[in-house]
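Written out below as structure tokens is the structure these notes cover.
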Amino acid sequence: MCMSHRANLLQDSVDFDFGDATVSGTAVMDFLNVAVHEVGHAGGMAHPSDSCTEESMYRFVSFGETKKRDLHTGDIAGIQSLY
Numbered sequence: 097m098c099m100s101h102r103a104n105l106l107q108d109s110v111d112f113d114f115g116d117a118t119v120s121g122t123a124v125m126d127f128l129n130v131a132v133h134e135v136g137h138a139g140g141m142a143h144p145s146d147s148c149t150e151e152s153m154y155r156f157v158s159f160g161e162t163k164k165r166d167l168h169t170g171d172i173a174g175i176q177s178l179y
């Protein structure tokens, strides 16, 4: 998926520049990477333990990170346990 649009979000007095990190580079928060995480919250998911750094629901994300666009086995198991 290639997104050409960028959005800007002001949250907790911190300015985040969102876009597609595969196109825009490492200076942006990857929109799809963050969206997958937030949709997980909408579905009832919480953050996993701090040792689960590869999960989409892990509590931290880095600028330019795209690896959490796809669900990890722990994400899938978590949503299956809810539904």
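Residue numbers (the working numbering): 97 to 179. Note that beta-carbon positions come from the ideal geometry of N, C-alpha and C, so glycine has one too.
Residue i to residue j, Cα distance in whole Å?
| i | j | result |
| --- | --- | --- |
| Ser-177 | Asp-166 | 18 Å |
| His-137 | Tyr-154 | 11 Å |
| Phe-159 | Val-119 | 13 Å |
| Ser-145 | Tyr-179 | 21 Å |
| Phe-127 | Met-141 | 19 Å |
Taking the alpha carbon of residue i as the point to measure from, which residue in the options has its own alpha carbon closest?
| i | options | result |
| --- | --- | --- |
| Ala-131 | Thr-149, Gly-115 and Ala-123 | Gly-115 |
| Asp-174 | Ala-117, Met-125, Thr-162 and Glu-151 | Rather than Asp, the amino acid found at residue 174 in this sequence is Gly. Of the listed residues, the one whose Cα sits closest to Gly-174 is Glu-151. |
| Ala-117 | Ile-172, Gly-140 and Lys-164 | Lys-164 |
| Ser-168 | Cys-148, Asp-126 and Gly-140 | Per the sequence presented here, residue 168 reads as His, with Ser not at that position. Taking only the C-alpha atoms, the option nearest His-168 is Cys-148. |
| Ala-123 | Met-141, Val-157, His-133 and Glu-134 | Val-157 |
Which residue or residues does DSSP assign as beta-bridge partners of residue i?
| i | result |
| --- | --- |
| Asp-126 | Gly-115 |
Contained alpha helix (DSSP H) runs [length at least 4] in the segment 120-177, N- to C-terminal order: Uninterrupted alpha helix (DSSP H) stretches at least 4 residues long and entirely within the segment 120-177 occur at 127-138, given in chain order.
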